[in-house]
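Comments concern the structure below.
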Amino acid sequence: MISLWSLPVAWTGALSQVDQLIQGNDLLSFIGRTEVLRHVMSAVAGLLPTTALTVLLILLPLFLEYLADFKGVKAYSLRQEFVQTFYFAFLFIQVFLVVSIASFFTASIKELATNVRGVQQASVVVNILAQNLPKASNYFFSYMVLQSFSTSAATLLQVGSLISHYIVAPMFDVSPRDKWFRKMKPHSVKWGSVFPVYTNFACIALIYCIISPLISVFAILTFGLIWLAQRYAILNFYGSDHDTGGVLYPRALNQTFTGLYVMELCLIGLFFMAKDEKANAVCSAHAIIMAIALVATVLFQAFLNWRFAPLFRFLPVDLGNDEMTMTGQKKQVKDDLQLPQMRLEGVPKIDEKKEVSEHTRTDTTNRLSTEFPTMLKEVPKYQREILVDEAFKHYALTVRQPIIWIPRDGLHVSEDEIDQCKQISDSIDMSNDGAYLDDHGRVVCHGKPPDFSEFAYVKL
1 MISLWSLPVA WTGALSQVDQ LIQGNDLLSF IGRTEVLRHV MSAVAGLLPT TALTVLLILL
61 PLFLEYLADF KGVKAYSLRQ EFVQTFYFAF LFIQVFLVVS IASFFTASIK ELATNVRGVQ
121 QASVVVNILA QNLPKASNYF FSYMVLQSFS TSAATLLQVG SLISHYIVAP MFDVSPRDKW
181 FRKMKPHSVK WGSVFPVYTN FACIALIYCI ISPLISVFAI LTFGLIWLAQ RYAILNFYGS
241 DHDTGGVLYP RALNQTFTGL YVMELCLIGL FFMAKDEKAN AVCSAHAIIM AIALVATVLF
301 QAFLNWRFAP LFRFLPVDLG NDEMTMTGQK KQVKDDLQLP QMRLEGVPKI DEKKEVSEHT
361 RTDTTNRLST EFPTMLKEVP KYQREILVDE AFKHYALTVR QPIIWIPRDG LHVSEDEIDQ
421 CKQISDSIDM SNDGAYLDDH GRVVCHGKPP DFSEFAYVKL
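Take 1 as the starting number for the sequence shown in full-length UniProt numbering and just add one per residue.
Written out as structure tokens, the structure is:
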């Protein structure tokens, strides 16, 4: 897959060096002599390659999720880990390596064609690489700026949510339950396909900061805009359908070391190629120091993983105690380590002798609330154990009989329907609480479904 994707990605990298192609090809020299065409090609070289690359990478996370499912990875968190691992490898190879190599050959095509015999020596090729590789940074300038503005704008604007709320909902949502579910469904993010993009940004910035230091300015702009947008989104409207246990962030840090290693290798090569007027190496000591730093970086990462890898998935047992001994003194950490609990107003306590599958009706159905627990740690302990016991039962054993939810109307038709339903059968429940029809005949929800459970969004 990576090999097949290299062809169109390499084409986008070559397209960013269209000026060098025009100068090195006599058939295209007429473009350089026409001012209008020259400006058009400059605009194309700046915007079109990054746009084409973005389009090529849109469908990849979905394809990786399909591969994870085909492989047998059924758990959501494990699928996100699978996507993060291979998506970063794909981005680093395609976006960085392939684009850099394609841009180098495109920028050096004239020099390589006119000096075929000279390039047979490795030192000549290395010198050409050192001279023309910084030209590939123009591509990454445009790529990082475009990604920063487009990603931050899309995060704040939420085009998908706007379309879903103002176009899809009026067309397809006709029942109170459909309208309520669309409003209350949390806006989840697939972080397994988000982290690799930002990690690749960090790798590109680390590597090119020594090749073309100007990229540091664009990196600050990119991460600044993304930080502002993601911070606002996380605090205001991002939700979580599933919990990955925080394992994606340590993996992203480990993947960032890839850019650090390549940066140190590039710096070692630059030091070894530095020569004076007499063609003598003048920075060999600097290169040796960087080689030692490279080994030290490898050992440091290995030490970090050795010390902290067990904590990525499992926490020490003593973190659950109310008191811990620190520096010879007993320090109260109950407030910091106690699992957060959410007060569920109007929710009756679940009796251990009763089944969770029974209808949980509350007196607060006239209030629409978004503060439902979504993680197991937000559920009180006595109810948490019951939910865990029920979690591994078959769906047919735990599913609850739904209540037919119809809106209240001014002509009291809904009350008549409820009375007739009770006369027909006692096993069919119907309610019109929490929804009504307005003057235009549209369904308006102002409460929760009558059969809604406060633990419906808890993901075990």
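Every residue, glycine too, gets a C-beta built ideally from N, C-alpha and C.
Distance between D243 and L162 (C-alpha atoms, nearest Å): Reading the sequence shown from its first residue, position 162 is the one you call residue 162. Reading the sequence shown from its first residue, position 243 is the one you call residue 243. Going by the C-alpha atoms only, they are around 26 Å apart.
Helix, strand or coil at residue 532 according to DSSP, with G and I counted as helix: No statement about residue 532 is possible, as the shown extent of the chain runs from 1 to 460 and does not include it.
Per-residue burial, R313 [other beta carbons within 10 Å of its own, 16 or more giving buried]: By one-based count along the sequence shown, residue 313 stands at place 313. With fewer than 16 other Cβ atoms within 10 Å, it is exposed.
7 Å Cβ shell around A252 - same chain, five flanking residues per side excluded: By one-based count along the sequence shown, residue 252 stands at place 252. Cβ neighbours of A252 beyond the five flanking positions: F195 and T199.
Of the residues K74, M273 and C203, the one placed nearest S284, counting alpha carbons only: As a working mapping, residue 284 is identified with position 284 in the sequence shown. For the residues K74, M273 and C203, the minimum Cα distance to S284 belongs to M273.
DSSP-derived helix/strand/coil call for A281: By 1-based counting over the sequence shown, the position of residue 281 is 281. Correct three-state label for A281: strand.
Residue from A153, S148, S100 and L146 with nearest C-alpha to S137: Mapped onto the sequence shown, residue 137 falls at position 137. Nearest option by C-alpha distance: S100.
Segment contact flag, the region 254-268 with the region 203-211, C-beta cutoff 8 Å, min 3 pairs: yes
Sub-8 Å separation of P402 and A435 beta-carbons: For the purposes of this step, residue 402 is taken as the residue at position 402 of the sequence shown. For the purposes of this step, residue 435 is taken as the residue at position 435 of the sequence shown. Going by C-beta atoms, P402 is not nearer than 8 Å to A435.
Alpha-carbon spacing of V159 relative to C266, whole angstroms: Translated into the one-based positions of the sequence shown, residue 159 becomes position 159. Translated into the one-based positions of the sequence shown, residue 266 becomes position 266. Their backbone Cα atoms lie some 41 Å apart in a straight line.
Cβ contact check for the region 228-248 and the region 183-192: 3 or more pairs under 8 Å: yes
CB of E81 within 8 Å of CB of L248, strictly: By 1-based counting over the sequence shown, the position of residue 81 is 81. By 1-based counting over the sequence shown, the position of residue 248 is 248. Contact: yes.
Contact under 8 Å by Cβ, D429 with I404: Looking up residue 429 in the sequence shown gives position 429. Looking up residue 404 in the sequence shown gives position 404. Taking 8 Å as the Cβ cut-off, D429 and I404 qualify as a contacting pair.
K7 to G441 span [Cα, whole Å]: Indexing the sequence shown from 1 puts residue 7 at position 7. Indexing the sequence shown from 1 puts residue 441 at position 441. Residue identity differs from the one stated: residue 7 is Leu in this sequence, not Lys. Their Cα atoms are separated by approximately 56 Å.
L437 in three-state terms, based on DSSP: Your numbering for residue 437 matches position 437 in the sequence shown. In this structure, L437 counts as strand in the three-state DSSP scheme.
C-alpha gap between T222 and Y139, whole angstroms: Reading the sequence shown from its first residue, position 222 is the one you call residue 222. Reading the sequence shown from its first residue, position 139 is the one you call residue 139. In a straight line, the C-alpha of T222 is about 15 Å away from that of Y139.
Under the three-state DSSP convention, the category D363 falls into: In the sequence shown, counting from the first residue as 1, residue 363 sits at position 363. Annotation note: pLDDT 40 at D363 (below 50); position unreliable, no value reported.
Sequence ranges, alpha helix (DSSP H) only - wholly within the region 56-96, length at least 4: 60-71 and 76-91
Of the residues L235, C209 and I234, the one placed nearest L270, counting alpha carbons only: Locating residue 270 in the sequence shown gives position 270, counting from the first residue. Ranking L235, C209 and I234 by Cα distance to L270 puts C209 first.
Close beta carbons around K353, own chain, < 8 Å, minus the five adjacent residues each side: Along the sequence shown, one-based indexing puts residue 353 at 353. For K353, the pLDDT reaches just 39, beneath the cut-off of 50, and the residue's location in the model is therefore unreliable, leaving the point undetermined.
Reduced DSSP category for V194 - H, G, I as helix; E, B as strand; rest coil: The sequence position of residue 194 within the sequence shown is 194, counting from 1. Of the three classes helix, strand and coil, the one that applies to V194 here is coil, per DSSP.
Distance CB(L299)-CB(E264) smaller than 8 Å: As a working note, residue 299 is residue 299 in the sequence shown. As a working note, residue 264 is residue 264 in the sequence shown. Contact flag unset, no.
Buried or exposed by the 16-neighbour rule on C-beta atoms within 10 Å, applied to L368: Within the sequence shown, residue 368 is the residue found at index 368, counting from 1. Residue placement at L368 is poorly supported in this model, since its pLDDT is 38, which falls under 50; the coordinates still yield a value, given next. L368 comes out exposed.
Three-state class that DSSP yields for R408 in the structure shown: For the purposes of this step, residue 408 is identified with residue 408 of the sequence shown, where counting begins at 1. Reduced to three states, the DSSP call for R408 is strand.
Sequence-distant residues of the same chain with beta carbon closer than 8 Å to L146, five excluded per side: Within the sequence shown, residue 146 is the residue found at index 146, counting from 1. Correct list, in chain order: L47, T50, T51 and T54.
Per DSSP, cross-strand counterpart(s) of H394: Locating residue 394 in the sequence shown gives position 394, where the first residue counts as 1. Its beta-bridge partners do not exist; DSSP assigns none.
Nearest neighbour of A154, chosen from L56, F452 and L225 [CA to CA]: Start at 1 with the first residue of the sequence shown, and residue 154 comes out as number 154. Considering only alpha carbons, the answer is L225.
Unbroken alpha helix (DSSP H) run spanning V189, endpoints: As a position in the sequence shown, residue 189 is number 189, starting the count at 1. Looking at the DSSP string, V189 is not in any alpha helix (DSSP H), and its letter there is neither H nor E.
Alpha carbon of A233 to alpha carbon of V443, nearest angstrom: One-based indexing of the sequence shown puts residue 233 at position 233. One-based indexing of the sequence shown puts residue 443 at position 443. About 29 Å.
Environment of L64 [buried if 16+ CB atoms lie within 10 Å]: The count along the sequence shown starts at 1 and reaches residue 64 at position 64. L64 should be labelled buried.
Beta-carbon contacts of S212 that lie in its chain and below 6 Å, excluding the five residues immediately before and after: Stepping through the sequence shown from its first residue, residue 212 is reached at position 212. These residues qualify, in order along the chain: P134 and S137.
Reduced DSSP secondary structure (H/G/I, E/B, other) of S414: One-based indexing of the sequence shown puts residue 414 at position 414. S414: helix per DSSP, three-state reduction.
Sheet register partners of Y166 (DSSP bridge): Here residue 166 refers to the residue found at position 166 of the sequence shown. Its beta-bridge partners do not exist; DSSP assigns none.
Cβ-based burial, Y166 [other Cβ within 10 Å; buried from 16]: For this step, residue 166 is matched to residue 166 along the sequence shown. Result: exposed.
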